[in-house]
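Engineer: Numbering-wise (this note's numbering), the sequence shown opens with residue 328 and increments by one.
We put the CB at the ideal spot given by N, CA and C, even for glycine.
What follows is a single structure, and I will ask about it in a moment.
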Amino acid sequence: MIAVLLGPPGAGKGTQAKRLAEKMKALHLSSGDILRAEKAAGSELGKEAAGYMERGELVPDDLIIKMMLNRMTASDGKSIILDGFPRTLPQAEALDEGLNRHGLKIDAVVNIDVPDGEVERRMTGRRSCPTCGAVYHLEFAPPKTAGKCDKDGSDLVQRPDDTPEVVQRRLQTYHQQTQPLVDYYSRHGLVKDVDGTQSPDQVQAEVEAALA
Ligand code: AP5
Ligand code: MG
Numbered sequence: 328m329i330a331v332l333l334g335p336p337g338a339g340k341g342t343q344a345k346r347l348a349e350k351m352k353a354l355h356l357s358s359g360d361i362l363r364a365e366k367a368a369g370s371e372l373g374k375e376a377a378g379y380m381e382r383g384e385l386v387p388d389d390l391i392i393k394m395m396l397n398r399m400t401a402s403d404g405k406s407i408i409l410d411g412f413p414r415t416l417p418q419a420e421a422l423d424e425g426l427n428r429h430g431l432k433i434d435a436v437v438n439i440d441v442p443d444g445e446v447e448r449r450m451t452g453r454r455s456c457p458t459c460g461a462v463y464h465l466e467f468a469p470p471k472t473a474g475k476c477d478k479d480g481s482d483l484v485q486r487p488d489d490t491p492e493v494v495q496r497r498l499q500t501y502h503q504q505t506q507p508l509v510d511y512y513s514r515h516g517l518v519k520d521v522d523g524t525q526s527p528d529q530v531q532a533e534v535e536a537a538l539a
């Protein structure tokens, strides 16, 4: 199965994708996580992407398409949960073409809806583990020990693009470039809407129902 999670920054795409991937033994491919890992490794791609990410703008399509399709073809036939990709119409078209070449297609697109006002609260309280990528929220999903990852005890960090100014730019970018994908996939009859303002468990139940 190939599923796409759509939604604004902070909708909970990463939170839900991790839960689903664990439960379904699927491969979770987050374009943002992959870019952050490239940046941390100091690769050419990471260096090229860094400026766009810090400004809350999208990294150029050609770089992202190559990066994601390469990872998808190395998935060994496992189910795939796409988180943060595609994010533009050219990316969506390239994904369709790439899958088509392998006789595959997208099975479902889950659109996690959260209003802009809620996004800011989510972003300013988010903390993540630089070692394992686990995501927390100071108020909504706190770690057992303040500032430490439950899984490996690493010091939690705040993402540099989670400042209020960059969050505003990311929201603008989302509305201009990514939201049109809801229509694109609706025309293909693939979109299932989920109310992302509920608790993480309730959202998970709706996402699972949408994929069943
Ligand atoms: P990316 O990393 O994908 O960022 P994003 O889309 O802005 O989404 P986030 O990761 O911020 O939010 P999320 O939906 O995963 O929410 P989360 O689960 O963490 O992209 C970063 C940058 O990389 C982009 O700006 C761009 O520059 C570049 N990039 C990436 N992909 C690209 C592409 N395809 N093309 C071009 N450029 C690309 O949850 C957020 C917080 O809320 C957490 O603290 C969490 O604990 C909490 N939370 C989650 N669910 C709930 C809930 N139900 N109730 C209360 N709190 C909740
Ligand atoms: Mg994410």
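With distances taken between CB atoms, is the gap from V437 to K352 smaller than 8 Å?
Structural biologist: Position 110 of the sequence shown, counted from the first residue, corresponds to residue 437. Position 25 of the sequence shown, counted from the first residue, corresponds to residue 352. In this structure, K352 does not lie closer than 8 Å to V437 by Cβ.
Engineer: Taking the Cβ atom as the reference point for each residue, do F467 and G480 lie within a distance shorter than 8 Å?
Structural biologist: Sequence index remark: in the sequence shown, residue 467 carries index 140 (1-based). Sequence index remark: in the sequence shown, residue 480 carries index 153 (1-based). Cβ atoms of F467 and G480: not closer than 8 Å.
Engineer: Is the Cβ-Cβ distance between I439 and A330 less than 8 Å?
Structural biologist: As a first step, residue 439 is located in the sequence shown; it is residue number 112 there, counting from the start. As a first step, residue 330 is located in the sequence shown; it is residue number 3 there, counting from the start. Taking 8 Å as the Cβ cut-off, I439 and A330 do not qualify as a contacting pair.
Engineer: Closer than 7 Å to a non-hydrogen atom of ligand 2 - does that hold for the CB of K366?
Structural biologist: Your numbering for residue 366 matches position 39 in the sequence shown. Answer for K366: no, Cβ out of range of ligand 2.
Engineer: Tell me whether C459 is buried or exposed, calling it buried when 16 or more other Cβ atoms sit within 10 Å of its Cβ.
Structural biologist: For the purposes of this step, residue 459 is taken as residue 132 along the sequence shown, with counting starting at 1. Answer is exposed; the Cβ neighbour count stays below 16.
Engineer: Please name the residue, chosen from S406, H355, K374, that lies closest to R363 on a Cα-to-Cα basis.
Structural biologist: Walking along the sequence shown from the start, residue 363 turns up at place 36. Among S406, H355, K374, the Cα nearest to that of R363 is on K374.
Engineer: Restricting to runs no shorter than 4 residues, where is the alpha helix (DSSP H) found entirely within the segment 452-513?
Structural biologist: The segment 452-513 contains these whole alpha helix (DSSP H) runs: 491-500.
Engineer: Could you compute how far the alpha carbon of R497 sits from the alpha carbon of H429?
Structural biologist: Along the sequence shown, read from residue 1 onward, the residue named residue 497 stands at position 170. Along the sequence shown, read from residue 1 onward, the residue named residue 429 stands at position 102. Their backbone Cα atoms lie some 33 Å apart in a straight line.
Engineer: Would the C-beta of D488 count as close to ligand 2, meaning under 7 Å from any of its heavy atoms?
Structural biologist: In the sequence shown, the residue the question calls residue 488 occupies position 161. No, since every heavy atom of ligand 2 falls outside the 7 Å radius drawn around the Cβ of D488.
Engineer: What distance in whole Å lies between the Cβ atoms of G337 and R449, which are believed to be in contact at a cut-off of 8 Å?
Structural biologist: Indexing the sequence shown from 1 puts residue 449 at position 122. Indexing the sequence shown from 1 puts residue 337 at position 10. Sure, about 4 Å apart at Cβ, within 8 Å.
Engineer: Between which two residues does the alpha helix (DSSP H) holding D528 run?
Structural biologist: Position 201 of the sequence shown, counting from 1, holds the residue named residue 528. Looking at the DSSP string, the run of the alpha helix (DSSP H) that includes D528 is 527-538.
Engineer: What does V518 pair with, by DSSP beta-bridge criteria?
Structural biologist: Here residue 518 refers to the residue found at position 191 of the sequence shown. Answer is V436, bridged to V518.
Engineer: Starting from A330 and walking both ways along the beta strand (DSSP E), at which residues does that stretch end?
Structural biologist: Translated into the one-based positions of the sequence shown, residue 330 becomes position 3. Element bounds for A330: 329-333.
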